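Per this note's numbering, the sequence shown starts with residue 784, numbered consecutively.
A virtual CB, placed ideally from N, CA and C, is assigned to each residue, including glycine.
No experiment lies behind these values; they were computed from the predicted model shown.
Reviewing the structure listed below.
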Amino acid sequence: MFMVGHGHLNMFYSKRQLIDTFMTYQDSDNPYHNLQDLKIVEENRKEDPYPILEDKAGTHVFRSQVLSSLKHLEELKTCVDYLVIDSLFKDDSYMLDVLKMYKEEKEDLEVIDRLKNKFDEIWDEGFFYKKTIYQHKG
784 MFMVGHGHLN MFYSKRQLID TFMTYQDSDN PYHNLQDLKI VEENRKEDPY
834 PILEDKAGTH VFRSQVLSSL KHLEELKTCV DYLVIDSLFK DDSYMLDVLK
884 MYKEEKEDLE VIDRLKNKFD EIWDEGFFYK KTIYQHKG
């Protein structure tokens, strides 16, 4: 089994190129195709900008927080064969720092703070500790 262990999780995908469609509707050119620095900001949640990417496959919207599973590596070893460290929206220096922490299996709070500040991002643990509303049947 594999899972994304670090990075922005994709929370919405449409095969349609929604930005291009909107720009066409506005009778404008689309300078945003394939750019990786676009964000959607909701009026009610201005503190949570969602990265968005439009490419030839369609439109992708990602979670605003970065998933980090550094604190859970020992547990994940028992059930995950491959842990994906997603480099989308990040540069090489970011990835080298993050990969080093995962390889050494320990958090470096100084490096984490530097990366969070440089990329203006929040790291969280996703749904590791969120209780589900669903009941197991059987």
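task = Rounded to whole angstroms, what's the CA-CA distance from Leu-859 to Ser-811? Just pull it up for me.
result = Indexing the sequence shown from 1 puts residue 859 at position 76. Indexing the sequence shown from 1 puts residue 811 at position 28. The alpha-carbon atoms of Leu-859 and Ser-811 are separated by roughly 48 Å.
inquiry  = Considering only the alpha carbon of each residue, which of Glu-887, Tyr-865, Ile-905, Tyr-917 lies closest to Phe-785?
reply    = Along the sequence shown, one-based indexing puts residue 785 at 2. Phe-785 has its Cα closest to that of Tyr-865, out of Glu-887, Tyr-865, Ile-905, Tyr-917.
ask   = Would you call the region 795-805 and the region 823-839 in contact, with 3 or more CB pairs under 8 Å?
value = yes
inquiry  = Three Cβ pairs or more, each shorter than 8 Å: is that satisfied between the region 849-858 and the region 868-888?
reply    = yes
request  = Report yes if the C-beta distance between Pro-814 and Val-824 is below 8 Å; otherwise report no.
outcome  = Here residue 814 refers to the residue found at position 31 of the sequence shown. Here residue 824 refers to the residue found at position 41 of the sequence shown. In this structure, Val-824 does not lie closer than 8 Å to Pro-814 by Cβ.
task = Would you tell me roughly how many angstroms separate the C-alpha atoms of His-791 and Phe-845, rounded to the nearest one?
result = Stepping through the sequence shown from its first residue, residue 791 is reached at position 8. Stepping through the sequence shown from its first residue, residue 845 is reached at position 62. Their Cα atoms are separated by approximately 6 Å.
query = Just the Cα atoms here: how many angstroms apart are Tyr-877 and Met-806?
reply = By 1-based counting over the sequence shown, the position of residue 877 is 94. By 1-based counting over the sequence shown, the position of residue 806 is 23. Their backbone Cα atoms lie some 32 Å apart in a straight line.
request  = Have a look at the DSSP bridge pairing and note the partners of Asn-838.
outcome  = Numbered from 1 along the sequence shown, position 55 holds the residue referred to as residue 838. Reading off the sequence, residue 838 comes out as Asp, not Asn. Looking at the DSSP assignment, Asp-838 forms a beta bridge with Gly-841.
inquiry  = According to DSSP, simplified to helix, strand and coil, what is Asn-900?
reply    = Taking the sequence shown and counting its residues from 1, one reaches residue 900 at position 117. Helix.
ask   = Which same chain residues, not among the five before or five after Phe-911, have their C-beta less than 7 Å away from its C-beta?
value = To locate residue 911, count along the sequence shown from 1; it is residue 128. Cβ neighbours of Phe-911 beyond the five flanking positions: His-855.
ask   = Would Lys-901 be called buried (16 or more neighbouring beta carbons within 10 Å of its own) or exposed?
value = Position 118 of the sequence shown holds residue 901. Classification of Lys-901: exposed, given that the 10 Å Cβ count is below 16.
inquiry  = For Asp-896 and Glu-908, what's the separation of their Cα atoms in angstroms?
reply    = Residue 896 sits at position 113 when you count from the first residue of the sequence shown. Residue 908 sits at position 125 when you count from the first residue of the sequence shown. Cα-Cα distance, rounded: 16 Å.
ask   = Among the residues of its own chain, which have a CB less than 6 Å from the CB of Trp-906, if the five just before and after it don't count?
value = To locate residue 906, count along the sequence shown from 1; it is residue 123. Answer for Trp-906: Val-849, Ser-851, listed in chain order.
inquiry  = What does the Cβ neighbour count give for Ser-847, buried or exposed, with the cut at 16 atoms within 10 Å?
reply    = To locate residue 847, count along the sequence shown from 1; it is residue 64. Per the 10 Å Cβ criterion, buried.
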